[in-house]
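Under UniProt numbering, residues 1 to 361 are what the sequence shown spells out, in order. We put the beta carbon where it would ideally sit given N, CA and C, even for glycine.
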Amino acid sequence: MSRAYNFSPGPAMLPEPVLRQAQATMLEFGDTGASILEISHRGADFLAVARQAEADLRTLLSIPDDYAVIFTSGGATTVQALLPLNFAAPGQAADYVVSGHWGKTALKQAAPCADARTAASSEDGGFRDVPPREQWRLSPDAAYVHVTANETIHGVEWRDIPEVGNAPLIADFSSSIASEPLDVTKFGAIYAGAQKNLGPVGITVLIVRRDLLEREGQPRAPIFDYRAQANAESMLNTPPSWNWYVLGLTVKWMLDEGGVAEFARRNARKAALLYAAIDGSGGYYRNEVATAARSRMNVPFFLHDPALDAAFLSEAKQAGLVALKGHRVLGGMRASLYNAMPEAGVQALVDFMREFQKTHG
Ligand code: PMP
């Protein structure tokens, strides 16, 4: 089988030019006489790669100088666990606005080290919307307010950055970073596992306003200290150098394609195409998320008869459309439409869906 259109939620489809470049440099990197997998992270060759990746990410996302960019392993989940250790005092409140599975995870990871409070949740409604701002109950003394910009499983996305008052807003952008222009200055911190829009799994990006790095936080091992990581250029220990390199290639590819403004246009067209196919199917397919909160990146949908799910998945695979099975929490289907998914892939999916409805209707 040749490369299919891959709708995986993550690790997700990567741009083919990035994979080809990574393949070419796997054996021999520059004039080092070695693979990039085999060279020191502290040598000039890798330092140049690491610094270029950061510089390009700063350009791509318009990250101002008063924000540090930290690259770590451990995934977004580890960031969730380290947020209270770095940014909350012992016992201090931290407010969580929960719009899906990953918001709940963030709260659970913070709970042992903070007075993590659910300031609002849309769970009662099955996570089909973001909690309306007027229903939030924020703590006056919160260390920060946490939101999940895009819920990868439930397909719920904030379309406006909510106003939270004085506490810094910290947002999990794992599944929507770089999908459209973003005003970083509205946030205290933004974090994302790379394995959706930024490249390969194994590296995580934290973009944090430098004044937050001055907070004392709580007793923690030096390796968990973001201020120390920032000061050490994210090299307190051996960083995931290959992953960092491929992230750099992916970021460069996004810049070459026209940057986040261009991806915002493409992503809006792709999402509109798929939602129109679902909504126009006369109930054969359905998406249950409130229209204004529908994710552009992850589109969960259900067939009118779950007995057809297996046939849908196997025929889709034969048509070159893979990884459409929904998360076990929701069931059904899910199509993830990250930056590397071309519009032709989404067109192929909606054509397949119409054909499937005709033959199995
Ligand atoms: N947050 C969101 C929004 C996610 O989609 C994911 C993973 N799918 C995570 C957090 C957890 O990320 P990781 O597996 O990198 O820890």
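Do residue i and residue j have their C-beta atoms within less than 8 Å of each other?
| i | j | result |
| --- | --- | --- |
| HIS154 | GLY100 | yes |
| ALA120 | LEU107 | no |
| MET333 | PRO300 | yes |
| LEU303 | TYR285 | yes |
| TRP242 | PHE71 | no |
| VAL49 | GLY248 | yes |
| LEU57 | VAL260 | no |
| PRO200 | PRO342 | no |
| ALA316 | PHE352 | yes |
| SER336 | PHE7 | yes |
| ALA192 | SER174 | yes |
| ALA178 | LEU198 | yes |
| VAL184 | SER62 | yes |
| ALA319 | VAL156 | no |
Alpha carbon to alpha carbon, how far is residue i from residue j?
| i | j | result |
| --- | --- | --- |
| VAL147 | ILE39 | 38 Å |
| ALA114 | ALA34 | 46 Å |
| SER176 | ASP31 | 36 Å |
| VAL289 | ASN298 | 11 Å |
| TYR338 | ASP160 | 19 Å |
| GLN229 | ALA143 | 21 Å |
| ALA68 | LEU138 | 27 Å |
| ASP256 | GLN23 | 19 Å |
| GLU216 | ARG354 | 57 Å |
| PRO168 | ALA110 | 16 Å |
| PRO17 | GLN52 | 18 Å |
| GLY283 | VAL346 | 20 Å |
| TYR226 | GLU214 | 10 Å |
| ASP66 | VAL350 | 44 Å |
| ALA272 | PRO140 | 40 Å |
Say whether chain D places a C-beta atom closer than 8 Å to the C-beta of residue i.
| i | result |
| --- | --- |
| GLY188 | Note that chain D does not occur in the displayed structure, where there is just one protein chain. |
Helix or strand or just coil, what does DSSP make of residue i?
| i | result |
| --- | --- |
| GLY193 | strand |
| TYR5 | strand |
| ALA93 | strand |
| ASP141 | coil |
| PHE87 | helix |
| ALA24 | helix |
| HIS360 | helix |
| LEU247 | helix |
| ALA53 | helix |
| LEU37 | helix |
| THR238 | coil |
| ASP31 | coil |
| VAL130 | coil |
Given 7 Å as the limit, tell me if residue i has its C-beta closer than that to any heavy atom belonging to the ligand PMP.
| i | result |
| --- | --- |
| GLY33 | no |
| ASP172 | yes |
| THR25 | no |
| PRO9 | yes |
| ALA76 | yes |
| GLY193 | yes |
| SER175 | yes |
| SER253 | The displayed chain sequence assigns Trp, not Ser, to residue 253. Incorrect: TRP253 has no Cβ contact closer than 7 Å to the ligand PMP. |
| TRP102 | yes |
| THR204 | yes |
Inset, instruction - Would you list, in sequence order, the uninterrupted alpha helix (DSSP H) runs of no fewer than 4 residues that lie entirely inside the region 270-337? - result: 309-318
Inset, instruction - Quick one: which unbroken beta strand (DSSP E) runs of 3-plus residues sit fully inside the region 142-173? Chain order, please. - result: 145-148, 169-172
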